[in-house]
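K.L.:
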Amino acid sequence: MNTQNKTFFIETFGCQMNFHDSEKVVGTLISQGYRQVQSVDEADLIFYNTCSIRDKAEQKVFHRLADYKKLQEQGKKFAVIGCVAQQEGENIFERAPHVSLVAGSASYRNLPEMLVQIESGSRATGLDDRQTDETFETEFTARTNPHRGYITIIEGCDKFCAYCVVPYTRGKERSRTSDSVLAEARKMADAGYTDIQLLGQNVNSYRDAAGKKSFAELLTAVGEIPGIRRVRFTTSHPRDFTRDIVDAIDTVPTLCDHVHLPVQSGSSRVLASMYREYTREQYLERIGWMKSTRSRTISLTTDIIVGFPGETEADFEHTLSLIDTVHYDGIFSFKYSARPNTPALKYIDSISEEEKSRRLAILNERQREIQRANYAKHIGHIMEVMVEGYNEARGQVIGRTSQNKTLNFTCGTSPLPKPGSYVNVLVTKSYPNSLVGELASNQ
Ligand code: 5AD
Ligand code: SF4
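Per my numbering, residue 5 is the first one in the sequence shown, and the count goes up by one each step.
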């Protein structure tokens with residue numbers, strides 16, 4: 005196949021897993037002779053990496069594909085990948101006949117063959133691979149940031165929470181070997197990466213495919229690689245969140261002091277109907293471990309769903325009291341939306357959109373005040389940031405703390421630090437979502 009002059013454009017929606025999948029897809033396409041371009045106009049092949057976690061994701065995809073139809077006359081080809089592709093399957097060809105490729109994430113390792121198929125004029129599908137034991141490992145990942153990089157350590161999900169499409173779109177849980185994860189992390193460190201984020205839908209459900217290391221041991225080993233200064237991991241599931249993870253953060257300075265631990269609801273009754281496999285008390289026990297560390301202050305963030313079928317006012321009050329107890333540094337809050345194939349479809353979605361919006365607004369307002377107080381506590385302290393860039397309009401350098409907080413700062417007469425460098429910053433001001441400061445000293 006001569007693809008030397010072929011170009012592609014890719015657009016990505018959704019979670020970090022999807023963004024990282026796109027980096028691997030880009031790397032694979034480049035290895036096959038394609039060149040990436042930054043607009044649909046310039047591209048021969050258009051990839052659309054989709055997300056179906058909430059709302060009317062399917063409709064949005066079909067609308068976009070309808071917009072693309074007129075471009076078919078210019079000889080362009082279209083590929084729909086990711087969660088909507090897996091969920092809707094060949095239905096996509098029916099509703100959007102100009103699409104050539106429909107593939108879910110479990111099939112991306114077969115992309116080179118699928119590309120040959122579509123270039124020869126046939127359609128290709130990658131939809132039947134969700135029971136695979138293989139992960140999408142590739143040596144061709146095209147990472148977009150030269151300092152911070154993702155590594156997928158576990159794919160899929162076996163938890164089947166009542167509201168969630170992920171187990172149906174990303175397939176069963178499968179972990180990589182710790183040796184392959186460590187080899188990739190070492191390679192990244194050699195290439196100048198200092199910040200590594202380990203990814204998985206349930207990252208801490210990691211089970212070394214070779215049986216050598218627990219998740220906490222893997223975290224520690226990545227954190228001990230020379231050159232690595234920050235290690236993050238997301239997303240954690242409370243049921244598999246064991247104390248040794250907290251001990252590792254407490255002991256290994258390169259492990260970031262931030263944990264994202266989705267709770268979804270503060271009511272044990274709602275948690276049971278969500279099939280979350282933990283109670284409010286068990287969740288709070290894990291929070292207690294993190295609040296009693298010896299050497300670190302672990303920043304906590306979470307995901308919360310309001311208006312799950314059957315959620316009473318009293319249940320919602322339990323969620324409010326939980327955020328008051330935990331004092332999160334951030335929450336991602338969502339109104340429940342019914343998703344295809346999920347067990348919660350059998351519950352009556354009894355809460356009106358209006359009531360869901362009311363609960364969401366109350367929750368967010370309460371959380372804003374909690375964050376205002378949390379962020380203000382940093383004023384007067386020196387924090388290390390990784391430099392991410394420069395905001396011309398504000399005349400501020402953009403930095404990120406180990407706790408994953410944005411800390412924008414000025415440098416007085418000192419030269420601007422380079423993106424990717426680490427500097428100390430004195431915090432002088434705070435907002436509910438970011439901090440402001442002045443460069444303290446270069447290291
Ligand atoms: N409705 C609303 N929120 C959802 N999430 C997952 N599925 C749904 C749904 N059907 C939220 C959860 C999850 C986050 C990634 O998205 O809070 O943790
Ligand atoms: Fe979805 Fe639950 Fe799996 Fe998370 S653990 S991906 S919420 S099914």
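Think of the CB as a built atom: it goes at the ideal place given N, C-alpha and C, for glycine as much as any other residue.
1) Secondary structure at H264, three-state DSSP: helix, strand or coil?
2) Based on the DSSP secondary-structure assignment, which residues constitute the bridge partners of S271?
3) Buried or exposed: which applies to R180, given that a residue is buried once 16 or more other Cβ atoms fall within 10 Å of its Cβ?
4) Check whether the Cβ of P171 lies closer than 7 Å to any heavy atom of the ligand SF4, and answer yes or no.
5) Would you decide whether Q447 is buried or exposed? Buried here means 16 or more other CB atoms lie within 10 Å of its CB.
6) Counting only beta-carbon atoms, is C165 nearer than 8 Å to chain D?
7) Would P242 be called buried (16 or more neighbouring beta carbons within 10 Å of its own) or exposed?
8) Taking all protein chains shown into account, decide if L439 is buried (16 or more other Cβ within 10 angstroms of its Cβ) or exposed.
9) Does the beta carbon of F338 fall short of 7 Å from some heavy atom of the ligand 5AD?
10) Report the residue ranges of all beta strand (DSSP E) runs contained in full by the stretch 291-367; include only those spanning at least 3 residues, in chain order.
11) Measuring only the C-alpha atoms, how far is A89 from Y351?
12) Mind reading off the beta-carbon distance from Y112 to K28? Whole number of angstroms is fine, and I expect it under 8 Å.
13) Just to confirm my understanding: we take E289, look at its own chain, exclude 5 residues before and 5 after, and list those with CB closer than 7 Å. What are they?
14) Mind checking Q135: buried by the 16 CB within 10 Å criterion, or exposed?
15) Within 10 Å of its beta-carbon, does R376 have 16 or more other beta-carbons around it, so buried, or fewer, so exposed?
16) Looking at C-alpha atoms only, which residue of I155, S269, S182, E177 is the closest neighbour of R236?
17) Suppose you measure from the CA of N437 to the CA of R127; what does that come to, to the nearest Å?
18) Under the three-state reduction of DSSP, which class applies to D3: helix, strand or coil?
19) Three-state secondary structure (DSSP) at V429?
20) Since A47 and T11 should fall inside the 8 Å C-beta cutoff, what is the C-beta to C-beta distance between them, to a whole number of angstroms?
P.N.:
In terms of the structure at hand:
1) Sequence index remark: in the sequence shown, residue 264 carries index 260 (1-based). The answer is strand: DSSP assigns H264 an E or B state.
2) Position 267 of the sequence shown, counted from the first residue, corresponds to residue 271. According to DSSP, which records beta bridges pairwise, S271 is partnered with nothing at all.
3) Taking the sequence shown and counting its residues from 1, the one referred to as residue 180 is at position 176. Answer is buried; the Cβ neighbour count reaches 16.
4) Within the sequence shown, residue 171 is the residue found at index 167, counting from 1. Within the cutoff, so yes.
5) The residue labelled residue 447 in the question sits at position 443 within the sequence shown. In this predicted model, Q447 has a pLDDT of only 47, less than 50, meaning its place in the structure is not dependable enough to derive any value.
6) The structure shown contains no chain D; it holds only a single protein chain.
7) On the sequence shown, position 238 is the one that residue 242 refers to. Looking at its Cβ environment, which holds 16 or more other Cβ atoms inside 10 Å, P242 is buried.
8) Sequence index remark: in the sequence shown, residue 439 carries index 435 (1-based). Buried.
9) For this step, residue 338 is matched to residue 334 along the sequence shown. Correct: F338 has its Cβ closer than 7 Å to the ligand 5AD.
10) 303-310, 334-339
11) Mapped onto the sequence shown, residue 89 falls at position 85. Mapped onto the sequence shown, residue 351 falls at position 347. Spanning the two alpha carbons is a distance of roughly 26 Å.
12) Taking the first residue of the sequence shown as 1, we reach residue 112 at position 108. Taking the first residue of the sequence shown as 1, we reach residue 28 at position 24. Between K28 and Y112 the Cβ distance is about 7 Å, and since that is below 8 Å, they are a contact.
13) Taking the sequence shown and counting its residues from 1, the one referred to as residue 289 is at position 285. Result list for E289: empty, nothing under 7 Å.
14) The residue given as residue 135 occupies position 131 in the sequence shown. That one is exposed.
15) In the sequence shown, counting from the first residue as 1, residue 376 sits at position 372. By the 10 Å Cβ count, R376 comes out exposed.
16) The residue labelled residue 236 in the question sits at position 232 within the sequence shown. Residue I155 is the option with its Cα nearest to R236.
17) Position 433 of the sequence shown, counted from the first residue, corresponds to residue 437. Position 123 of the sequence shown, counted from the first residue, corresponds to residue 127. N437 and R127: Cα-Cα distance of roughly 46 Å.
18) Residue coverage of the chain in this structure runs from 5 to 447, which leaves residue 3 outside it and unanswerable.
19) Numbered from 1 along the sequence shown, position 425 holds the residue referred to as residue 429. Three-state DSSP puts V429 in a strand.
20) By 1-based counting over the sequence shown, the position of residue 47 is 43. By 1-based counting over the sequence shown, the position of residue 11 is 7. Right, their Cβ atoms sit about 5 Å apart.
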